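In terms of the numbering used here, the sequence shown opens at residue 1 and continues consecutively.
Cβ atoms here follow ideal geometry from the backbone N, Cα and C, with glycine treated the same way.
Predicted, not measured: the structure shown is a model, and the values here were computed from it.
Okay, structure first, notes after.
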Amino acid sequence: MSSGKLAKIVVGLSVFLSGSLQPAFAEDDILRVSMNHARVLRLDRAVSKVIVGNSKVADATVADATTIVLTGRSFGTTNLVLLDADGNPIVDERILVSIDEGNTVRVFRQTERTVLSCTPNCEQHSQNSGDKDAQP
Numbered sequence: 001m002s003s004g005k006l007a008k009i010v011v012g013l014s015v016f017l018s019g020s021l022q023p024a025f026a027e028d029d030i031l032r033v034s035m036n037h038a039r040v041l042r043l044d045r046a047v048s049k050v051i052v053g054n055s056k057v058a059d060a061t062v063a064d065a066t067t068i069v070l071t072g073r074s075f076g077t078t079n080l081v082l083l084d085a086d087g088n089p090i091v092d093e094r095i096l097v098s099i100d101e102g103n104t105v106r107v108f109r110q111t112e113r114t115v116l117s118c119t120p121n122c123e124q125h126s127q128n129s130g131d132k133d134a135q136p
């Protein structure tokens, strides 16, 4: 079987088994962000301070007083704390930065793993996180 046919079969199975896209907040209240993608957080109160536990994993930018742009920088988990002018927490959530599972396929050959990004044709996934040890 050619690698192209195998990739199409694997993509079809992964789409069938994956179901729908995951919501922004899972049942355990983890904010999910794809690596090298941004997510907009709109708040009902003005933010005074933004704290990210590990800025190598995620970055938060203040677009305006009630809008935060969260960007996944490398694979992993961290937390985000947003405080109002009185120092009261508006948001205190864990963040999971991962690969966009909806359009990827993992191919395992003995001990070697390859991640393919299939949008719509499958190509080898590129890691641009700057962290050579990061794994999808």
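For residue i, which of the options has the nearest alpha-carbon?
| i | options | result |
| --- | --- | --- |
| VAL62 | ASN103, GLU112, ARG39 and ILE30 | ARG39 |
| THR59 | LEU80, LEU43 and ASN103 | It should be pointed out that residue 59 corresponds to Asp in this sequence rather than to Thr. Comparing Cα-Cα distances from ASP59 to each of LEU80, LEU43 and ASN103, the minimum goes to LEU80. |
| GLY102 | GLN110, VAL91 and CYS118 | CYS118 |
| ASN36 | VAL57, ASP29, LEU83 and ARG42 | VAL57 |
| ASP44 | VAL91, VAL105 and ASN54 | VAL91 |
Evaluate residue i with the Cβ neighbour count: other Cβ atoms within 10 Å of its Cβ, from every protein chain shown; 16 or more gives buried, anything less gives exposed.
| i | result |
| --- | --- |
| VAL69 | exposed |
| ALA65 | exposed |
| PRO120 | exposed |
Assuming residue i contacts residue j (C-beta within less than 8 Å), just tell me the rounded distance between them.
| i | j | result |
| --- | --- | --- |
| THR78 | VAL52 | 6 Å |
| GLU112 | LEU31 | Not really, about 32 Å apart at Cβ, beyond 8 Å. |
| LEU116 | GLN124 | 6 Å |
- Say whether the segment 71-80 touches the segment 97-104, bearing in mind that this needs 3 or more beta-carbon pairs closer than 8 Å, one atom from each stretch. Contact holds: three or more Cβ-Cβ distances are below 8 Å.
- Return the chain-ordered ranges of every beta strand (DSSP E) run that is complete within the segment 89-122 and spans a minimum of 3 residues. 89-98, 104-109 and 112-118
- May I ask you to verify whether the segment 40-49 touches the segment 83-91, counting CB pairs closer than 8 Å and requiring at least 3? yes
- Message: Could you tell me which whole beta strand (DSSP E) segments of length 3 or greater appear in the segment 18-81?
- Response: 30-34, 38-42, 49-52, 58-64 and 67-72
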